[in-house]
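A.B. asks: Starting off with a structure, shown below.
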Amino acid sequence: MNFFKTFMNFFKARVLLWPVLLLIVLLVGGAAAAFASGGLNALALKALFSSSSLERDSQVVQAVTRVQEVALLSLHIEGVTRHESNGEILGVAIPASEKTTLIQYKFDAKLGVDGSQVKIEPTGPKSFRVAIPQFIGIGFDDPVFEDPLESSNPLSWLTPPAVQTRMINNILSDENKQKYITQNAAALKEQAKVFYSEIIASVDPEITVDFEFAE
1 MNFFKTFMNF FKARVLLWPV LLLIVLLVGG AAAAFASGGL NALALKALFS SSSLERDSQV
61 VQAVTRVQEV ALLSLHIEGV TRHESNGEIL GVAIPASEKT TLIQYKFDAK LGVDGSQVKI
121 EPTGPKSFRV AIPQFIGIGF DDPVFEDPLE SSNPLSWLTP PAVQTRMINN ILSDENKQKY
181 ITQNAAALKE QAKVFYSEII ASVDPEITVD FEFAE
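In the working numbering, the protein residues as written are 1 to 215.
Written out as structure tokens, the structure reads:
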């Protein structure tokens, strides 16, 4: 009797399992079909809607200006620029948040004059006066900037990183060009005299030349 009762309970359990098994089969089959369909759709969409990129740079020359820049000196410059910063809260510096960034650099700075502004006037039968305008920074040749080195403190993650392009622009700034001109004013004047004296002497070696420099 007990055996028959157990058998019937087992049979009922198996009967109740059929809907569950059927549901699982349907779910697995549906998932597989969805996956296959989705994969095919993805491939089809990818083939149908392929992407491409194109960059264009359109430029128009607005004006052409002739320049007569005369390079008188070329300075080879090497150095290290330093940027220090720290994090702040409501304008108050956070201790141990200091961050230091170093960039090593080198380049050739060219100094000279705008030749179109140089005036050569006769002062006598065999004499001329050469008026030299203010010296200018013509540009920088062969600039090299090494990868920045950064020194950090425990809380330096609170400090924004240094802007490298800003550091480089400061190195090549007009202020630094003027500093190089001021530091080498005597050499620039001497080289200007040599340069224009040789030009005039090539025409007539007996001509005497006086020079006048803009302040």
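Ideal Cβ placement from N, Cα and C applies to all residues, glycine included.
Since this is a predicted model, take the numbers as computed values, not measurements.
Below 7 Å CB to CB, which residues in the same chain sit around Phe213 once its five sequence neighbours on both sides are set aside?
C.D. replies: Ile132 and Lys189
A.B. asks: Cβ atoms of Pro148 and Phe107: under 8 Å apart, would you say?
C.D. replies: no
A.B. asks: Going along the chain, which residues of its own chain have a beta-carbon closer than 8 Å to the beta-carbon of Gln68, five neighbours each way excluded?
C.D. replies: Asp114, Gly115 and Ser116
A.B. asks: From Ile77 to Gly112, what distance separates their C-alpha atoms?
C.D. replies: 16 Å
A.B. asks: State the beta-bridge partners of Val130 as determined by DSSP.
C.D. replies: Ile120 and Phe211
A.B. asks: Tell me, to the nearest whole angstrom, how far the beta carbon of Phe128 is from that of Ile200; I am working on the premise that it is less than 8 Å.
C.D. replies: 6 Å
A.B. asks: Where do the ends of the beta strand (DSSP E) carrying Phe145 lie?
C.D. replies: For Phe145, the enclosing beta strand (DSSP E) starts and ends at Ile136 to Phe145.
A.B. asks: Taking DSSP as the reference, what is the three-state secondary structure of Asn2?
C.D. replies: Note that Asn2 has pLDDT 48, beneath the 50 cutoff, so the model's placement of it is unreliable and the number below is only indicative. Looking at Asn2 - three-state DSSP - the assignment turns out to be helix.
A.B. asks: CB-CB under 7 Å to Gln183, same chain, minus the five flanking residues each way: which ones, in chain order?
C.D. replies: none
A.B. asks: Spatial neighbours of Lys177 within its chain, please: CB distance less than 6 Å, with the 5 preceding and 5 following residues excluded, ordered by chain position.
C.D. replies: The beta carbon of Lys177 sits closer than 6 Å to those of Gly137, all from its chain and outside the five residues before and after it, given in chain order.
A.B. asks: Rounded to a whole number of angstroms, what is the C-alpha to C-alpha distance between Ala99 and Glu150?
C.D. replies: Before going further, note that residue 99 is Lys rather than Ala in the sequence given. Roughly 7 Å separates the two Cα atoms.
A.B. asks: Look at Leu75 and Phe195 and say whether their C-beta atoms are less than 8 Å apart.
C.D. replies: No.
A.B. asks: Between Glu206 and Lys126, how many whole angstroms is the CB-CB distance? I'm expecting something under 8 Å.
C.D. replies: Confirmed, about 6 Å.
A.B. asks: Whole angstroms is fine: what's the gap from Arg82's alpha carbon to Asn169's?
C.D. replies: 13 Å
A.B. asks: Since Ile103 sits in a beta bridge, which residues does DSSP pair it with?
C.D. replies: DSSP, once it has assigned bridges, lists Thr81 as partnering Ile103.
A.B. asks: In the DSSP assignment, find the unbroken alpha helix (DSSP H) run with Glu198 in it and report its ends.
C.D. replies: DSSP places Glu198 in the uninterrupted alpha helix (DSSP H) bounded by Ala185 to Val203.
A.B. asks: Would you tell me roughly how many angstroms separate the C-alpha atoms of Thr165 and Thr208, rounded to the nearest one?
C.D. replies: 49 Å
A.B. asks: Please classify Thr123 as buried or exposed, where buried requires at least 16 other C-beta atoms within 10 Å of its C-beta.
C.D. replies: exposed
A.B. asks: Near Phe140, which residues of its chain fall below 8 Å by C-beta distance, leaving aside the five closest residues on each side in sequence?
C.D. replies: Phe107, Asp108, Ala109, Lys110 and Leu172
A.B. asks: Helix, strand or coil for Glu175, going by three-state DSSP, please let me know.
C.D. replies: Look at Glu175 here: in three-state DSSP terms it is helix.
A.B. asks: Starting from the Cα of Val118, find the closest Cα among Phe145, Ser202, Lys193 and Val203 and give me that residue.
C.D. replies: Checking every option, the nearest Cα to that of Val118 belongs to Lys193.
A.B. asks: If I'm right that Val80 touches Ile103 with Cβ under 8 Å, what's the distance once you round it to whole angstroms?
C.D. replies: 7 Å
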